[in-house]
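Visitor:
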Amino acid sequence: MDLLTWQLAALLSLLVILLTPFYSLISTGNKRIPKKNLPPQAAGGWPLIGHLRLLSGPELPHIILSDLADKYGPIFSIRLGVHSALIVSSWETAKECFTTNDMIFCDRPRTTAIKHMSYDFAMFGMGKYGPYWRELRKVSVQKLLSNRKIETLGHLYISEIRALMRSLYNSCTDNGDGKAPPPLEMRKFLEDLTLKVMVRELRGIS
Numbered sequence: 013m014d015l016l017t018w019q020l021a022a023l024l025s026l027l028v029i030l031l032t033p034f035y036s037l038i039s040t041g042n043k044r045i046p047k048k049n050l051p052p053q054a055a056g057g058w059p060l061i062g063h064l065r066l067l068s069g070p071e072l073p074h075i076i077l078s079d080l081a082d083k084y085g086p087i088f089s090i091r092l093g094v095h096s097a098l099i100v101s102s103w104e105t106a107k108e109c110f111t112t113n114d115m116i117f118c119d120r121p122r123t124t125a126i127k128h129m130s131y132d133f134a135m136f137g138m139g140k141y142g143p144y145w146r147e148l149r150k151v152s153v154q155k156l157l158s159n160r161k162i163e164t165l166g167h168l169y170i171s172e173i174r175a176l177m178r179s180l181y182n183s184c185t186d187n188g189d190g191k192a193p194p195p196l197e198m199r200k201f202l203e204d205l206t207l208k209v210m211v212r213e214l215r216g217i218s
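Residues in the sequence shown are numbered from 13 upward in steps of one, following this note's numbering.
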């Protein structure tokens, strides 16, 4: 056991020694970026992991971010690892992000994992902003999400929602043993509803 503890300590020390120059290089690169008009950064960030330790505490992340917003204002930044994240907590600022400055926030991170999962950014939800993505959005709005298409498939949605309500009712009714029904996990019901609607749309089942 002592040998295992010593090996673990040696491994952690070696890891810190190897990552310290890398972190210094990143920090030096970030200092070269002009700091003009940047939002305040929340204190408490650690090297390499940033503010991830704050978000992994006993409180829920949105409560932690709300407390930080009370301290730093409606717009501030945190570090998720080596990446900076902008936190917006007021509807006025959020509206400005999605209207006046929408072209700045319209793109998505281009990581290797997303590239492989989305077949080289070919999927609509993970694609890069550009002519291809705009064409996909146009097709989706006109062919899948138009009012006419929704009215055509309205009976399908109503049928599945009624089936969901019957299932919820049967799960909540008394079984005759005098005991109250257990709490329901709505996630499973909503996942089943979404899957059934998608399958019926794809197979053309009315």
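All C-beta atoms, glycine included, are put in the ideal place defined by N, C-alpha and C.
On a CA-only basis, which of His95, Phe88, Arg122 and Pro86 is nearest leucine 64? Give me that one, please.
Guide: Residue numbering aside, residue 64 sits at position 52 when the sequence shown is read from its first letter. Nearest C-alpha to leucine 64: His95.
Visitor: Which residues in the same chain have their Cβ closer than 8 Å to the Cβ of threonine 110, if we skip the five residues on either side of it in sequence?
Guide: Along the sequence shown, read from residue 1 onward, the residue named residue 110 stands at position 98. As written in the sequence, residue 110 is phenylalanine, which differs from the threonine given in the question. Taken in chain order, the residues that qualify are Phe117.
Visitor: Can you have a look at phenylalanine 136 and say buried or exposed, based on whether 16 or more other CB atoms are within 10 angstroms of its CB?
Guide: Along the sequence shown, one-based indexing puts residue 136 at 124. Exposed, because fewer than 16 other Cβ atoms sit within 10 Å of the Cβ of phenylalanine 136.
Visitor: Closest by CA to glycine 56, which one among Met138, Tyr144, Arg160 and Ser89?
Guide: Start at 1 with the first residue of the sequence shown, and residue 56 comes out as number 44. Measuring from the Cα of glycine 56, the nearest candidate turns out to be Ser89.
Visitor: So, is glycine 139 buried or exposed, given that buried needs 16 or more other C-beta atoms within 10 angstroms?
Guide: The residue labelled residue 139 in the question sits at position 127 within the sequence shown. By the neighbour-count rule (16 or more Cβ atoms within 10 Å), glycine 139 is buried.
Visitor: Please work out which residues of its chain come closer than 6 Å, Cβ to Cβ, to glycine 62, disregarding the five sequence neighbours upstream and downstream, and give them in chain order.
Guide: In the sequence shown, counting from the first residue as 1, residue 62 sits at position 50. Here the set comprises Arg91, Leu92 and Gly93.
Visitor: Nearest by alpha-carbon distance to leucine 207: which of Asn182, Leu168 and Ser130 is it?
Guide: The sequence position of residue 207 within the sequence shown is 195, counting from 1. That would be Leu168, whose Cα lies nearest to the Cα of leucine 207.
Visitor: Could you check the C-alpha separation between lysine 191 and serine 183 for me, to the nearest Å?
Guide: Here residue 191 refers to the residue found at position 179 of the sequence shown. Here residue 183 refers to the residue found at position 171 of the sequence shown. Approximately 13 Å, taken between the alpha carbons.
Visitor: What residues in its chain sit with their C-beta under 8 Å from that of lysine 127, if we drop five residues either side in the sequence?
Guide: What you label residue 127 is simply residue 115 of the sequence shown in a count that begins at 1. The answer, listed in chain order, is Phe133.
Visitor: What does the alpha-carbon distance come out to for the pair glutamate 108 and proline 194?
Guide: Here residue 108 refers to the residue found at position 96 of the sequence shown. Here residue 194 refers to the residue found at position 182 of the sequence shown. Spanning the two alpha carbons is a distance of roughly 44 Å.
Visitor: Give me the residue from Leu157, Asn159, Ile87 and Met177 with the minimum Cα distance to alanine 54.
Guide: Within the sequence shown, residue 54 is the residue found at index 42, counting from 1. Of Leu157, Asn159, Ile87 and Met177, the residue nearest in Cα terms is Ile87.
Visitor: So what does DSSP say about valine 94, is it helix, strand or coil?
Guide: Within the sequence shown, numbered from 1, the residue matching residue 94 stands at position 82. DSSP places valine 94 in coil when its eight states are reduced to three.
Visitor: Just the Cα atoms here: how many angstroms apart are isoleucine 75 and glycine 69?
Guide: For the purposes of this step, residue 75 is taken as residue 63 along the sequence shown, with counting starting at 1. For the purposes of this step, residue 69 is taken as residue 57 along the sequence shown, with counting starting at 1. Distance between the alpha carbons of isoleucine 75 and glycine 69: 11 Å.
Visitor: What residue range does the alpha helix (DSSP H) around methionine 210 cover?
Guide: Walking along the sequence shown from the start, residue 210 turns up at place 198. Unbroken alpha helix (DSSP H) run through methionine 210: 198-215.
Visitor: Does leucine 24 pass the burial test, meaning 16 or more other C-beta atoms within 10 Å, or should it be called exposed?
Guide: Position 12 of the sequence shown, counted from the start, is the residue given in the question as residue 24. With fewer than 16 Cβ atoms within 10 Å of its Cβ, leucine 24 is classed as exposed.
Visitor: Quick check on the DSSP output: the alpha helix (DSSP H) that includes asparagine 159 runs from which residue to which?
Guide: As a position in the sequence shown, residue 159 is number 147, starting the count at 1. Residues 159-164.
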